[in-house]
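As structure tokens, the structure follows; a few thoughts come after it.
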Amino acid sequence: MNKRLIKVFFISSLIFSPQFSFGQSDSDESVEEMVVTATFRETTVMDTALSVDSVSQDKLDQLGADSLEEVFRSVSGLNLYSEGVGRSRIIIRGISGQASNYPGGQMGATTGVYIDDVPMSSVMSPEYASAGDAFDLQRIEVLKGPQGTLFGESSQGGTVRYIYNKPNPDEFESTVRMKGMSGADSSSSYRVDALINFPFSNDATDGAVRISGFQGKRGGYIDWITVDNNEPDWNDASTSGGRLSVLAETENLTFQYSSIFGNTNGNGNNMSYSPPTAANPFLDNKSIIPPYSAAGALAAGSYVGLAAPAAKYYVGANEVDPHTPGNDEEYQVHSFKFEVDTGAGTFSSITSYLDRYVQRRTPTNTEAAFVIDIYTGGLNVNFARGVFDSSGAENCFIPCNGAAFVPFFGEQNASFTNVFMAPFPDGGSVSSYNPKVSGATERVTQEFRFTSDATEDLFWVVGAFFKDTTDKRLTDLAITYFSPERAALGQATVDENGDPLPTESIGPSLKADFESPDTELQEISVYADITYEIDQNWSVAAGVRITNLDKTLTIGASTYDFSEDNVSPRFNVSWNDGSNLVYLNASTGFRQGGVNGAQLYNLRNWAVFNEFTPGFIPQEKIDYANKVLTFDGDQLLNTELGYKGSFNDDTIQLILSVYSQSITDFAVYVEDYSLDAVGFPYIANIGDGSSSGAEMALNFLPTSELSIGIIASSNQTSVDTAYPGYDGSIKIAKDSKFLHAPETTYGFNIDYTHDIGNGNFGRLYLDHSFVGERFADSTNLTTLGEYEVSNIRYSFIGANNITTTLFVNNLMDSIFVTNQRDFTFGFGGIGYDYGRPRELGISVQYNLN
7 MNKRLIKVFF ISSLIFSPQF SFGQSDSDES VEEMVVTATF RETTVMDTAL
57 SVDSVSQDKL DQLGADSLEE VFRSVSGLNL YSEGVGRSRI IIRGISGQAS
107 NYPGGQMGAT TGVYIDDVPM SSVMSPEYAS AGDAFDLQRI EVLKGPQGTL
157 FGESSQGGTV RYIYNKPNPD EFESTVRMKG MSGADSSSSY RVDALINFPF
207 SNDATDGAVR ISGFQGKRGG YIDWITVDNN EPDWNDASTS GGRLSVLAET
257 ENLTFQYSSI FGNTNGNGNN MSYSPPTAAN PFLDNKSIIP PYSAAGALAA
307 GSYVGLAAPA AKYYVGANEV DPHTPGNDEE YQVHSFKFEV DTGAGTFSSI
357 TSYLDRYVQR RTPTNTEAAF VIDIYTGGLN VNFARGVFDS SGAENCFIPC
407 NGAAFVPFFG EQNASFTNVF MAPFPDGGSV SSYNPKVSGA TERVTQEFRF
457 TSDATEDLFW VVGAFFKDTT DKRLTDLAIT YFSPERAALG QATVDENGDP
507 LPTESIGPSL KADFESPDTE LQEISVYADI TYEIDQNWSV AAGVRITNLD
557 KTLTIGASTY DFSEDNVSPR FNVSWNDGSN LVYLNASTGF RQGGVNGAQL
607 YNLRNWAVFN EFTPGFIPQE KIDYANKVLT FDGDQLLNTE LGYKGSFNDD
657 TIQLILSVYS QSITDFAVYV EDYSLDAVGF PYIANIGDGS SSGAEMALNF
707 LPTSELSIGI IASSNQTSVD TAYPGYDGSI KIAKDSKFLH APETTYGFNI
757 DYTHDIGNGN FGRLYLDHSF VGERFADSTN LTTLGEYEVS NIRYSFIGAN
807 NITTTLFVNN LMDSIFVTNQ RDFTFGFGGI GYDYGRPREL GISVQYNLN
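Take a look at the structure:
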């Protein structure tokens with residue numbers, strides 16, 4: 007076990023030692039009992055025989071959290087990294103989609119994300135999770151381990167639930183909070199939050215209307231400084247959103263309508279091309295966006311085409327949409343919930359509608375322009391390459407190589423489909439491109455649930471769930487420009503109607519259809535779960551969910567239909583004497599399969615090659631591409647032993663768990679360059695995988711003014727079966743680790759409140775966290791270094807209901823990398839995603855109740 011982790015467990019054990027003076031509390035209070043609804047009934051965390059963490063509204067305030075990005079390090083076994091707005095990957099106990107951000111090979115999410123009862127998970131990619139918004143949240147629940155029985159598909163590794171405050175029919179509430187912060191390496195940020203709660207009542211009905219909203223700007227910290235540009239801190243983002251909720255209650259009936267919306271527009275990315283050891287790691291001096299100069303291109307990196315750029319490397323006249331790099335997210339969620347108290351239990355009907363749009367615009371560099379020229383086959387941008395324009399029409403224009411090649415390859419035909427009569431893919435034709443990947447999700451869900459009233463010895467829940475999801479993904483290679491040496495080729499190009507294109511531009515938009523799948527998904531499932539108390543100490547629980555998934559993927563002109571049936575059981579036995587809870591839990595989860603668009607690209611391409619030159623692509627290669635064209639869903643089984651205990655008059659709470667998880671038909675991202683230089687990626691069912699570990703959470707209240715929290719986790723992941731590629735060489739080695747799965751994490755917080763007098767209080771909150779080494783790729787070639795982050799806050803809580811807080815985030819100004827990517831496939835453009843540098847800020851909150 008890691009030495010740091012040993013120290014954490016040693017310090018924790020000292021707290022229980024009678025020789026340790028701090029171990030005997032003089033507090034007349036107890037550690038707060040957090041209530042959760044992880045089993046669809048209200049229980050405390052300490053009485054729930056599952057591994058569930060709950061982050062309260064007060065804890066969110068002390069963390070200064072606006073989203074899950076500021077929370078995850080305070081929950082054992084939870085990891086997260088973000089590439090920008092709407093693009094978060096959530097990892098629970100080492101489990102996440104083992105896929106890259108390459109659009110040609112994607113798989114569904116492994117962590118279910120819910121806003122109240124509405125599922126938010128994307129079927130497009132594990133990297134499209136929403137980090138949510140933390141204002142007016144009652145709590146965030148993190149359910150660790152598969153939750154397939156109650157939460158279904160996409161909860162293979164666990165579930166994150168954002169539980170918002172309900173409208174309060176008992177009293178008027180209003181809150182206004184203003185926050186601002188800045189740092190030496192970042193621009194200024196601000197945010198304004200406000201809420202108001204109106205109760206109403208008549209003879210038969212009590213209720214309330216709750217309205218909240220926020221607006222702000224998140225300052226940037228990546229400096230885009232090139233010969234042509236000088237934009238420090240360019241990755242800023244503007245945010246806005248809100249929530250309307252209406253609650254009405256009668257003696258037996260409860261109705262709640264909720265509408266949540268959010269809109270974030272981010273510039274740039276959290277990425278720099280400078281390594282952590284650089285004098286300024288936040289300096290991006292390589293990204294280029296047309297128009298730019300020859301000097302700018304040369305300064306951005308080595309030019310790897312046929313020759314150095316001409317004197318004027320500038321395009322401006324036909325600039326249509328520069329696709330300035332950034333990330334955007336827009337969403338709205340509407341839900342209707344009816345609850346009827348039948349006397350024997352509660353019948354619930356939950357209807358929801360989700361509309362979500364995310365977009366990523368990635369900057370490029372000169373090396374990447376070289377690669378995209380090869381990618382498009384030296385401007386062979388036509389249906390044979392599987393590339394279409396934004397309207398869906400085929401870009402059938404190919405400049406000819408000339409008469410010297412006719413004896414070898416024949417004349418160019420009228421449809422311009424003779425790929426051998428186009429300029430060869432030498433990297434010298436394309437000067438730049440700016441890829442844009444968009445995803446749009448529409449989802450309707452309907453759930454019926456009956457939850458029994460708990461009797462002396464029995465509690466049960468049954469339900470039926472329906473989900474209809476449409477996901478549309480668009481990969482758009484936009485504004486691709488000719489290099490000056492090949493500018494004359496632009497004069498020869500025409501669009502699909504034969505009309506001339508602008509001299510310097512290939513076209514305003516090139517849709518890569520094999521990277522732009524449309525997905526229709528329907529899920530119908532039924533579930534049941536029952537808990538039986540054998541006696542005052544022993545309980546058993548069992549449940550099962552039966553699911554049918556029908557999925558249709560449309561990629562260009564090709565359609566693929568999938569139908570999967572799945573059974574997700576769980577079993578739990580526990581012993582509880584009121585102060586100590588021991589449980590043994592077995593649960594299952596699954597993830598759906600899909601299609602590898604890059605292999606569709608290969609098969610289309612190779613068919614054209616073999617049409618002109620029979621046997622050019624060997625049959626065994628075609629057979630292999632057909633073999634990996636689709637992949638099946640995988641299954642996870644979790645076995646867990648847990649302990650929860652309260653000591654010293656409930657001033658100490660201890661939670662321990664050990665778990666072992668096995669994955670069958672493990673779906674993993676593979677890069678197989680022996681198959682094709684462009685269509686190399688695919689998802690394959692490589693065999694088995696495993697994840698095992700231990701977690702600890704300790705809360706200690708030594709005095710009524712002071713509380714201490716400690717968390718720690720150890721996780722070991724492993725690919726249990728080696729996977730060979732097309733050429734027989736090993737692409738995924740046995741014992742490889744899962745990506746973004748740190749072996750060690752730990753943290754602690756200290757919360758001290760003191761009486762200043764005259765009804766005023768002061769509160770000091772310090773938290774520190776450590777995230778160990780992990781890998782950014784499934785081949786384990788890219789190691790992300792360990793890092794530590796500390797934050798400190800001091801609040802003056804006034805008797806006039808005004809709270810003023812001074813805070814420092816990233817107190818030690820740690821420079822840490824959350825992800826690492828190669829956008830140029832080995833040509834030198836390594837991108838580093840950085841966490842935020844040190845920032846100082848102030849927050850003022852006014853509560854009028």
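According to the working numbering, the residues represented by the sequence shown are 7 to 855, in order.
Note that the Cβ used here is the ideal one computed from N, Cα and C, for glycine as well.
Check	Outcome
Could you tell me which of Ser246, Ala55 and Pro125 sits nearest to Gly584, measuring between CA atoms?	Ala55
Can you list, in chain order, the stretches of the beta strand (DSSP E) that have 3 or more residues and sit fully within the segment 63 to 103?	84 to 90 and 93 to 98
Name the residue from Leu787, Pro282, Val814 and Pro748 whose alpha carbon lies nearest to the alpha carbon of His774.	Val814
State buried or exposed for Val544, treating a residue as buried only when at least 16 other CB atoms are found within 10 Å of its CB.	Here residue 544 is Trp; the residue named in the question, Val, does not match the sequence. Exposed.
Would you kindly report the start and end of the unbroken beta strand (DSSP E) that includes Phe851?	The amino acid occupying residue 851 in the given sequence is Gln; Phe does not appear at that position. First-last of the beta strand (DSSP E) with Gln851: Glu845 to Leu854.
Which ranges does the beta strand (DSSP E) cover as unbroken runs of at least 3 residues, wholly within the segment 730 to 807, from first to last along the chain?	736 to 738, 750 to 763, 766 to 777 and 793 to 803
Would the C-beta of Asp229 count as close to the ligand GTP, meaning under 7 Å from any of its heavy atoms?	As for the ligand GTP, it is missing from this structure, which has no ligand bound.
I'd like the span of the beta strand (DSSP E) that includes Asn273, first residue to last.	Leu259 to Asn273
Identify the continuous beta strand (DSSP E) that holds Tyr279 and give its terminal residues.	It is not in any beta strand (DSSP E) - Tyr279 carries neither H nor E in the DSSP assignment.
From what residue to what residue does the alpha helix (DSSP H) around Gly603 run?	Gly603 to Phe618
Closest to Tyr589 by CA distance: which of Arg145, Gln144, Val664 and Leu559 is it?	Val664
Within 10 Å of its beta-carbon, does Gly791 have 16 or more other beta-carbons around it, so buried, or fewer, so exposed?	exposed
Go ahead and label Gly549 buried or exposed: buried means 16 or more other beta carbons lie within 10 angstroms of its beta carbon, across all protein chains shown.	buried
With a Cβ-Cβ cutoff of 8 Å, do Tyr363 and Gly268 count as a contact?	no
Is Tyr566 near Val601, with beta carbons less than 8 Å apart?	yes
How long is the line joining the alpha carbons of Lys473 and Thr558, rounded to whole angstroms?	14 Å
Drop a sphere of 10 angstroms on the beta-carbon of Val326, count the other beta-carbons inside from all chains shown, and report buried for 16 or more, exposed for fewer.	Summary for Val326: the model assigns pLDDT 42, below 50, so the residue's position carries little reliability; its value from the coordinates is reported in the next sentence. It is exposed - the Cβ of Val326 has fewer than 16 other Cβ atoms within 10 Å.
Measure from the alpha carbon of Phe776 to the alpha carbon of each residue in Arg769, Asp67 and Ser82, then state which is nearest.	Ser82
With a threshold of 16 other CB atoms inside 10 Å of the CB of Glu147, please say whether the residue is buried or exposed.	buried
Exposed or buried, which one is Thr605 when buried takes at least 16 other CB atoms within 10 Å?	The question names Thr, but residue 605 is Gln in the sequence shown. With 16 or more other Cβ atoms within 10 Å, it is buried.
Determine the contact status of Gly862 and Ser194, defining contact as a CB-CB distance below 8 Å.	Past the edges of the chain, shown from 7 to 855, lies residue 862, and the structure says nothing about it.
Is it buried or exposed, Tyr538, if we count other Cβ atoms within 10 angstroms and call 16 or more buried?	exposed
Report the option in Thr788, Gln641, Thr260 and Thr560 whose CA atom is closest to the CA atom of Tyr838.	Thr788
Less than 8 Å between the CB atoms is what I'm expecting for Thr670 and Asp694, so what's the real figure, rounded?	6 Å
Let me make sure I understand the geometry here. Which of Trp240, Asp463 and Glu75 has the alpha-carbon closest to that of Asn275?	Trp240
Measuring straight from C-alpha to C-alpha, what distance separates Ile536 and Asp571?	23 Å
Would you kindly check if the distance between the Cβ of Ala747 and the Cβ of Gly118 is under 8 Å?	no
Are the Cβ atoms of Val37 and Asp656 separated by less than 8 Å?	yes
Can you list, in chain order, the residues of its chain whose CB lies under 6 Å from that of Val573, leaving out five sequence neighbours each side?	Ile552
Check whether the Cβ atoms of Pro175 and Ser218 lie closer than 8 Å to each other.	no
If you draw a straight line from the alpha carbon of Phe157 to that of Thr525, how long is it in whole angstroms?	21 Å
For Trp544, which of helix, strand or coil comes out of DSSP?	strand
Please list, in chain order, all residues of the same chain as Met277 whose beta carbon is under 6 Å from its beta carbon, the five residues on each side excluded.	Gly837 and Asp839
State buried or exposed for Leu259, treating a residue as buried only when at least 16 other CB atoms are found within 10 Å of its CB.	exposed
DSSP state of Glu159, grouped into three classes?	coil
Would you mind working out which of Gln162, Phe754 and Thr811 sits nearest Leu846, comparing C-alpha positions?	Thr811
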